[in-house]
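Engineer: Quick note: the sequence shown, position 65, residue 65 per my numbering, numbers continuous. The structure is given below, and queries will be raised subsequently.
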Amino acid sequence: MILTTTQTIEGKQIVNYHGIVFGEVIAGVNFVRDFFAGVRNIVGGRSSSYEDELTQARDAAMREMEQRAMEKGANAVVGIDLDYEVLGENNGMLMVTASGTAVTVA
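Now the structure itself:
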């Protein structure tokens, strides 16, 4: 499966469009991570726990989008866009959405 943010794939021709596919993940961030991230915010530095959570959520959204594309018979997804939002009370939830157009390329 080819996954790309571009509208075309160099050296490949899109021969069929299967429609838009999405992958959505909503992940909660636990209290311990929040506490240590808050400390990091005060003293400076990067929050590896939040970075890890973000990476896992993004990867899961991409896998879900890819799976949905395969179910439609596609072998590539073009024009991928990733969106990130915080949701819930006190912004305690992270939502990652991956979307793109499922296509068959030859």
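Glycine is no exception: its CB is placed at the ideal position from the N, C-alpha and C atoms.
#1: Please return the same chain residues whose Cβ sits closer than 6 Å to the Cβ of valine 25, not counting the five positions on each side in sequence.
#2: Please report the distance separating the alpha-carbon of glutamate 51 from that of leucine 82.
#3: Please name the residue, chosen from Ala98, Ser99, Val77, Gly88, that lies closest to tyrosine 17 on a Cα-to-Cα basis.
#4: Alpha carbons only, please: which of Ala27, Gln7, Gly11 is nearest the one belonging to isoleucine 20?
#5: Skipping 5 residues on each side, what residues in its chain have a beta carbon closer than 6 Å to that of threonine 5?
Structural biologist: Reading from the atomic positions:
#1: Ala57, Ala60, Ala61, Val96
#2: A straight line joining the alpha-carbon of glutamate 51 with that of leucine 82 spans about 16 Å.
#3: Val77
#4: Gln7
#5: Ile80
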